[in-house]
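Have a look at the structure below, then the notes.
Chains as they are written, first to last, in the numbering used here: chain E, 365 to 709; chain F, 10 to 385; chain P, 132 to 423.
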């Protein structure tokens with residue numbers, strides 16, 4: 365088992381290097397003129413000499429005047445030194461921008477996944493235990509609605525009601541405007557406020573975090589719940605669950621110890637895969653509640669054709685994807701003893 | 010054998026007075042609600058006495074497993090079960106799930122057909138064993154583990170202490186079945202249901218498992234219902250055999266009787282399909298035709314289409330279980346349905362019931378061991 | 132969530148023929164019937180939009196942001212345009228996006244996957260690495276990038292979403308083709324002298340279509356959602372054309388005028404959920420192998 369983990373860890377850097385290659389080429393080969401996009405036109409139609417001088421200057425500054433292989437070489441060597449180039453929009457180093465926007469998104473994603481697991485898994489178990497019944501049908505209806513709802517609309521309506529009308533949710537951003545942020549250590553306000561022992565700040569940021577995390581967590585949670593339900597229905601019809609029932613075990617033990625332990629294994633895989641497609645939700649939710657995270661950054665980078673920033677965002681997401689799948693592999697070996705012994709790949 | 014014209018029900022009553030049947034099944038029916046209704050078990054009745062080992066034999070689809078699992082109400086929700094199942098004076102069909110949980114595992118132990126799928130793959134053998142003890146013996150974690158090791162050793166798993174922390178996939182098939190047996194007998198149940206316990210195992214292991222079951226049940230005077238499709242399996246272990254066909258018991262008697270003087274054409278056919286050492290056969294005789302479609306119960310005797318000794322009556326009237334002489338007279342034409350019921354009542358297979366057969370035209374006694382066997 | 136479905140479908144691959152009997156397409160539960168009826172009603176209403184609704188572009192600033200009334204069933208927007216009409220015409224855009232994304236991404240994916248799977252060997256390896264590259268690039272980034280680069284028109288939204296989706300179909304079809312091409316009837320057809328192209332299109336592909344059919348139907352809903360997400364982000368269909376996502380974006384500034392923001396969102400929810408409810412019909416017709 366240790367060998368398996370080590371091998372996975374050793375492979376990770378190579379996977380990442382492959383990712384850099386892919387992100388570079390995809391972002392560089394898109395048939396657009398980033399300079400023109402920066403200047404606000406679509407296609408560099410202006411032939412004015414002054415315009416041309418600006419264009420040349422920008423091209424030189426961002427390195428667009430060099431041939432592609434050379435650009436890749438510069439990109440990779442710079443990347444290894446932690447340099448991702450400069451964002452054409454913010455005029456700052458992409459790495460600096462990312463250091464600012466990634467921590468808030470980590471907070472949001474962790475909180476949303478927490479919400480999703482905490483209510484999604486028991487809900488799926490609940491529906492499976494009552495399969496075919498009234499509650500199961502109700503679950504089917506509600507969960508189908510949940511996976512059909514446009515997330516951005518849900519976020520807007522929820523925000524209007526809970527913030528605008530009822531005043532339960534906190535306003536935009538991570539903190540109230542009058543709250544002084546804690547000294548920055550990790551960039552995650554929750555963690556930093558704990559480190560600084562500023563409990564009022566912690567409460568404030570948790571209040572702000574609650575709404576976006578709930579919206580995102582609800583949608584992902586229903587998706588998990590559907591998977592858990594279908595896996596649980598299979599597990600509940602299995603022979604080993606019949607054995608457990610034949611022993612006279614309590615219903616809860618049969619459901620959670622015997623059935624769920626098996627049903628949760630595919631859910632682990634799925635949550636790793638779903639991680640990649642979380643981004644859409646992050647982008648729209650951050651957009652709606654003004655969360656200063658990666659989603660907003662990714663959106664602005666893509667719409668402004670800010671190529672270095674795009675490459676940076678994609679790299680971060682790839683990294684998250686690789687890490688998530690590593691975590692999935694590890695969880696897998698914990699959850700399924702057969703994998704530990706190499707019976708299943 | 011007993012007097013052929015015994016008063017209805019008296020024999021059973023005698024047995025009940027002597028010891029009282031441990032398990033009494035009356036009119037048990039199981040219907041699966043699938044695309045169409047599948048009548049797996051049709052009004053089956055029988056008694057099991059304390060300490061008896063009884064075989065329930067039939068081909069797959071005869072309803073034997075469904076009927077056995079229905080005793081502990083372990084069938085899926087789409088199965089409708091009716092009738093009464095009385096264990097030690099309690100009607101199990103009337104119990105709530107909660108009450109039933111005290112019976113399952115504690116008074117009824119079950120050994121399942123496939124040890125590869127009946128053990129939970131992600132829990133250790135030790136944990137799966139200990140949870141029965143914790144539930145029914147109210148043991149703490151430690152005591153349960155200690156006793157689990159003992160149990161595992163007593164069913165013949167070597168190094169039981171170490172193997173408790175193994176997962177099922179680390180056990181061989183035979184060892185898994187031993188673990189399943191250990192779980193089933195852990196709280197010393199009064200009734201052990203063994204549902205095709207050897208079918209999924211290698212031939213060499215089969216005999217060991219049967220021997221183990223025999224040993225454990227005789228040791229503790231546990232009643233065992235051994236379900237199998239293989240007449241050979243019941244021969245060495247059981248005292249009594251009930252043969253099922255198409256959801257009904259079609260023959261019931263002592264094991265020796267069923268082997269030496271099988272009196273239902275289906276049992277006779279089963280014998281013919283057994284491999285035999287004493288006869289050099291070119292090939293095994295198989296029973297011709299297919300078992301009836303359980304979704305469309307036919308009129309008359311369900312075995313009639315495959316039966317070599319069928320008579321006209323078989324096509325229209327489904328024969329009840331009768332004593333053999335009655336059945337003979339029925340063939341002679343002097344008896345009709347009503348008069349048989351007058352004479353015999355409903356015959357229920359039990360510890361002391363006579364040789365019963367559900368056939369209008371029982372063949373002359375034929376047995377796998379020819380005629381040299383004697384009545385017990 | 133496309134990737135999760137992909138895994139399940141790849142595992143459940145049961146090659147079946149394209150042809151489906153009408154009997155197997157009959158809804159069996161209340162929810163399936165409901166979904167089917169709603170889909171049909173929406174399609175009918177959207178098709179009949181010019182007959183049942185006023186001009187969606189006609190502005191009337193004097194009655195801007197009016198609540199639902201006999202004249203304007205769903206109220207009006209900030210420019211006084213009739214929302215009922217804009218919802219219906221917006222439904223046309225959504226339907227077009229949903230269907231055409233599936234046709235475009237489906238056609239590209241099926242062709243690509245079929246060639247890759249049928250060719251096998253090096254060709255397959257190279258073609259699949261290209262697919263991997265696309266799959267590893269977050270699909271929303273790709274769609275945002277393309278529609279930002281190409282500009283906001285219905286056609287470009289379709290191109291943007293299709294570009295992000297085709298690799299999924301390519302992978303699925305390749306998997307199926309690999310399974311099917313080793314089957315007896317394909318070998319038989321080859322033995323009868325069918326050339327590779329004929330064999331691929333007449334024998335292998337039609338038999339690889341089972342799973343595709345399921346996702347095609349279900350993904351229409353997700354394509355509609357994706358299109359409206361782009362619209363909401365301002366990268367979808369350009370303004371005067373009514374589009375549900377962009378309508379929600381416009382309504383963002385008028386949070387107290389509930390009818391403005393509710394109607395396009397509810398329309399999306401109604402349509403997409405109806406497709407998901409009815410989806411069981413197609414899924415079943417694929418996974419229920421006849422005679423089982």
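Glycine is no exception: its CB is placed at the ideal position from the N, C-alpha and C atoms.
Partners in chain P for residue i, counting only beta-carbon separations shorter than 8 Å
{"i": "residue 656 of chain E", "result": "Ordered by position in chain P, no residue passes the 8 Å Cβ test against residue 656 of chain E, which lies about 17 Å from the chain."}
{"i": "residue 504 of chain E", "result": "162"}
{"i": "residue 383 of chain E", "result": "267"}
{"i": "residue 663 of chain E", "result": "275, 364"}
Own chain, CB closer than 8 Å to residue i, minus 5 neighbours either side, in chain order
{"i": "residue 551 of chain E", "result": "463, 464, 466, 467, 468"}
{"i": "residue 430 of chain E", "result": "438"}
Residue of the options minimising C-alpha distance to residue i
{"i": "residue 69 of chain F", "options": "F:270, F:94, F:122", "result": "F:122"}
{"i": "residue 73 of chain F", "options": "F:236, F:154, F:363, F:85", "result": "F:236"}
{"i": "residue 29 of chain F", "options": "F:119, F:256, F:97", "result": "F:97"}
{"i": "residue 535 of chain E", "options": "E:437, E:503, E:514, E:569", "result": "E:569"}
{"i": "residue 514 of chain E", "options": "E:533, E:440, E:458, E:648", "result": "E:648"}
{"i": "residue 443 of chain E", "options": "E:689, E:676, E:645", "result": "E:676"}
{"i": "residue 571 of chain E", "options": "E:561, E:533, E:643", "result": "E:533"}
{"i": "residue 584 of chain E", "options": "E:485, E:679, E:662", "result": "E:485"}
{"i": "residue 216 of chain F", "options": "F:108, F:246, F:190", "result": "F:246"}
{"i": "residue 301 of chain P", "options": "P:269, P:236, P:337", "result": "P:236"}
{"i": "residue 654 of chain E", "options": "E:609, E:435, E:619, E:538", "result": "E:538"}
Beta-carbon proximity list for residue i, same chain, < 6 Å, skipping 5 on both sides
{"i": "residue 94 of chain F", "result": "34, 80, 101, 102"}
{"i": "residue 161 of chain F", "result": "169, 191"}
{"i": "residue 650 of chain E", "result": "657, 659, 660"}
{"i": "residue 580 of chain E", "result": "476, 645, 649"}
{"i": "residue 2 of chain F", "result": "With chain F covering 10 to 385 only, the question about residue 2 of chain F has no answer from this structure."}
Per-residue contacts from residue i into chain F (C-beta, under 9 Å)
{"i": "residue 699 of chain E", "result": "131"}
{"i": "residue 601 of chain E", "result": "85"}
Residues of its chain near residue i, where Cβ-Cβ distance is below 7 Å and the 5 sequence neighbours each way are ignored
{"i": "residue 113 of chain F", "result": "81"}
{"i": "residue 597 of chain E", "result": "492, 495"}
{"i": "residue 274 of chain F", "result": "312, 316, 317, 318, 368, 372"}
{"i": "residue 218 of chain P", "result": "205, 394, 395, 398"}
{"i": "residue 566 of chain E", "result": "554, 557, 558"}
{"i": "residue 507 of chain E", "result": "586, 589, 590"}
{"i": "residue 372 of chain P", "result": "224"}
{"i": "residue 703 of chain E", "result": "696, 697"}
{"i": "residue 45 of chain F", "result": "304"}
{"i": "residue 699 of chain E", "result": "628, 629, 632"}
{"i": "residue 331 of chain P", "result": "245, 249"}
Residue i: contacting residues in chain P (beta-carbon distance under 9 Å)
{"i": "residue 629 of chain E", "result": "Per Cβ cutoff of 9 Å: no residues; residue 629 of chain E is ~13 Å from chain P at best."}
{"i": "residue 677 of chain E", "result": "269, 272"}
heavy atom of the ligand ZN below 7 Å from residue i C-beta
{"i": "residue 75 of chain F", "result": "Of ligands this structure carries none, so the ligand ZN is not represented either."}
Within chain E, partners of residue i - CB distance below 7 Å
{"i": "residue 383 of chain P", "result": "520"}
{"i": "residue 386 of chain P", "result": "524, 528"}
9 Å Cβ cut-off: residues of chain E touching residue i
{"i": "residue 408 of chain P", "result": "504, 505, 508, 512"}
{"i": "residue 178 of chain F", "result": "701, 702, 705, 707"}
Neighbouring residues, chain E, relative to residue i (Cβ below 8 Å)
{"i": "residue 302 of chain F", "result": "The contacting residues do not exist; residue 302 of chain F stays about 24 Å from chain E at best."}
{"i": "residue 379 of chain P", "result": "514, 516, 517, 520"}
{"i": "residue 273 of chain F", "result": "Within 8 Å Cβ-Cβ: nothing; residue 273 of chain F doesn't reach chain E, min ~32 Å."}
Does the region 36-49 of chain F come close enough to the region 192-206 of chain F to have 3 or more Cβ pairs within less than 8 Å? no
Which residues, taken in chain order from the region 267-296 of chain P, show a beta carbon closer than 8 Å to some beta carbon of chain E? 267, 268, 269, 270, 271, 272, 273, 275, 276, 277, 279, 280, 282
Positions along the region 350-369 of chain P whose CB lies within less than 7 Å of some CB in chain E: 352, 356, 359, 360, 363, 364, 366
For the region 51-65 of chain F and the region 214-230 of chain F, state whether three or more C-beta atom pairs, one from each stretch, are separated by less than 8 Å. yes
Scan the region 395-406 of chain P for residues whose Cβ lies nearer than 7 Å to a Cβ of chain E and list them as they occur along the chain. 396, 399, 400, 403, 404
Residues of the region 494-524 of chain E with Cβ closer than 9 Å to any Cβ of chain F, in chain order: 495, 496
Taking any Cβ of chain E, which residues in the region 217-239 of chain F have a Cβ under 9 Å from it, in chain order? none
Does the count of Cβ pairs from the region 622-637 of chain E and the region 586-597 of chain E closer than 8 Å reach three? yes
Do three or more CB pairs link the region 222-241 of chain P to the region 283-301 of chain P at distances below 8 Å? yes
Can you give me, in chain order, the residues of the region 434-467 of chain E that have a beta carbon less than 7 Å from any beta carbon in chain P? none
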